[in-house]
Amino acid sequence: MMYIMHPFSFQKAHVQQFVATKDAQNKVAKAKSISEKLVKRLHGNGEVATTTLHSGVQSQNLGNTRHFQLDVWAKERDVAGLKASINTLTSE
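Positions 17 to 108 (the working numbering) are the ones given, in order, by the sequence shown.
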């Protein structure tokens, strides 16, 4: 027995795939934007603490820098995953 897909069902599937692809692209753009902001923040905050600061403040600044760096790496992984998803969706 052969199953014939109704044309509107076929269109609906394509629309759903298109919407999912657009959603994934938007997520990639958002993740990229956040990553770029975090990188700018990292470089803008000055990773090297000045000697006039107390050691506790230096330690906190270095901790914040490390936290931002980890956030950037996490967002970059998210972007890579979303790009892979988009490539999969567009290749089908």
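All C-beta atoms in this analysis are idealised placements derived from N, C-alpha and C, irrespective of residue type, glycine included.
Since the structure is predicted, the reported quantities are computational estimates derived from the model, not experimental observations.
Beta carbon of residue i nearer than 9 Å to that of residue j
i: Phe84; j: Leu58; result: yes
i: Ser98; j: Val44; result: Reading off the sequence, residue 98 comes out as Leu, not Ser. Contact flag set, yes.
i: Lys91; j: Ala36; result: no
Integer-rounded CB distance, given that residue j should sit under 8 Å from residue i
i: Ser101; j: Ala29; result: At roughly 17 Å, the Cβ-Cβ gap does not stay under 8 Å, so Ser101 and Ala29 are not in contact.
i: Val88; j: Ser49; result: Contact doesn't hold; Cβ gap of about 12 Å is too wide.
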